[in-house]
Amino acid sequence: VRAGWITFQEALGGFVLGCSLAFAFALVLARWRPLGSALMPYLIAANAVPIVAFAPITNAWFGILSPWSKIVIAAVLCFFPVLVNTLRGLTSVRPESLELMRSYAAGQPSIFRRVRIPNSLPFVFSALKIASVLAMIGAVVGDYFGGSTEALGVQIVSAVSLAQYETAWAAILVASVLGIAFYASIALVERYALRWHPSTRRDAE
Numbered sequence: 084v085r086a087g088w089i090t091f092q093e094a095l096g097g098f099v100l101g102c103s104l105a106f107a108f109a110l111v112l113a114r115w116r117p118l119g120s121a122l123m124p125y126l127i128a129a130n131a132v133p134i135v136a137f138a139p140i141t142n143a144w145f146g147i148l149s150p151w152s153k154i155v156i157a158a159v160l161c162f163f164p165v166l167v168n169t170l171r172g173l174t175s176v177r178p179e180s181l182e183l184m185r186s187y188a189a190g191q192p193s194i195f196r197r198v199r200i201p202n203s204l205p206f207v208f209s210a211l212k213i214a215s216v217l218a219m220i221g222a223v224v225g226d227y228f229g230g231s232t233e234a235l236g237v238q239i240v241s242a243v244s245l246a247q248y249e250t251a252w253a254a255i256l257v258a259s260v261l262g263i264a265f266y267a268s269i270a271l272v273e274r275y276a277l278r279w280h281p282s283t284r285r286d287a288e
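Residue numbers (the numbering used here): 84 to 288.
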């Protein structure tokens, strides 16, 4: 139980960090489209870097026993799907909605607050559900390269090296349950937060 809690804390920290940065960055790219077009190829290239190759570097930066190395790995995994989905939601607004806001002489802050951000929320929650699972994967993978002896990833590696496969499978099961619970919690928040949205009402019907 303690191992699961330690790993979940790392995953949650990475989830919050990665998703917050992605949402803020998506707002900037949606506001200044040329900047988004210029930076997106570099972001795609950065996302193509295998996280397994990145994990030892974060351990060297923050220290093997520091939870921040795992938090950063989880954040990196969460960042790109949330960025892409949020940006898609912010930019796929019906033209007539924008024309209506402009007819009222609404500025960009008002358009974002009243049109673009509400329109993006279904996209954001879809990305958050994906990110919740990726955060758990990132935290566990980060532990493979060193961490608290009570973390799930370290326990899995140690158990396999000692041929204690029952212990390894138990740790894997705990990680899976935590990932499912994390996903389900985001889905539950989505269900209640987007009761007003047409897409949610269609799904309910």
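Ideal Cβ positions, reconstructed from N, Cα and C, are used throughout, including at glycine.
Query, Result
"Whose CA, out of Leu100, Pro192, Val216 and Leu112, lies closest to the CA of Ala264?", "Val216"
"Residue range of the alpha helix (DSSP H) that Glu179 falls in?", "Pro178 to Ser186"
"Would you please state the rounded distance, in angstroms, between the beta carbons of Arg197 and Met184? I believe it to be under 8 Å.", "7 Å"
"Going by DSSP in three states, Ala131 sits in which element: helix, strand or coil?", "coil"
"Suppose you measure from the CA of Ile245 to the CA of Ala253; what does that come to, to the nearest Å?", "One detail in the question is off: residue 245 reads as Leu in this sequence, not Ile. If you take the alpha carbons of Leu245 and Ala253, they lie about 15 Å apart."
"In angstroms, rounded to a whole number, what distance separates the CA positions of Ala276 and Glu249?", "40 Å"
"Within the continuous alpha helix (DSSP H) that includes Gln247, where are the two ends?", "Here Gln247 belongs to no alpha helix (DSSP H), and DSSP marks it neither H nor E."
"On the three-state DSSP scale, how would you describe Ala287?", "With a pLDDT of 47 at Ala287, under the threshold of 50, the modelled position of this residue cannot be trusted, and the question is left open."
"Using alpha carbons as the reference points, say which of Glu93, Tyr187 and Val167 lies closest to Phe108.", "Val167"
"According to DSSP, simplified to helix, strand and coil, what is Ser149?", "coil"
"Check whether the segment 177 to 195 touches the segment 216 to 230, counting contact only when three or more Cβ pairs, one atom from each stretch, lie closer than 8 Å.", "no"
"Just tell me which of Val155, Arg85, Thr174 and Asn130 has its CA closest to the CA of Asn142.", "Val155"
"Counting Cβ pairs, one atom from each stretch, are 3 or more of them under 8 Å apart for the segment 128 to 138 and the segment 155 to 165?", "yes"
"Note the first and the last residue of the continuous alpha helix (DSSP H) segment covering Ile93.", "Per the sequence shown, residue 93 should be read as Glu rather than Ile. Run containing Glu93: Arg85 to Arg114, per the alpha helix (DSSP H) assignment."
"So what's Phe265 in DSSP terms, helix, strand or just coil?", "helix"
"Nearest to Arg278 by CA position, among Thr174, Pro201 and Ala105, is which residue?", "Pro201"
"Going by C-alpha to C-alpha distance, which of Lys212, Leu104, Ala234 and Ala113 sits closest to Thr90?", "Ala234"
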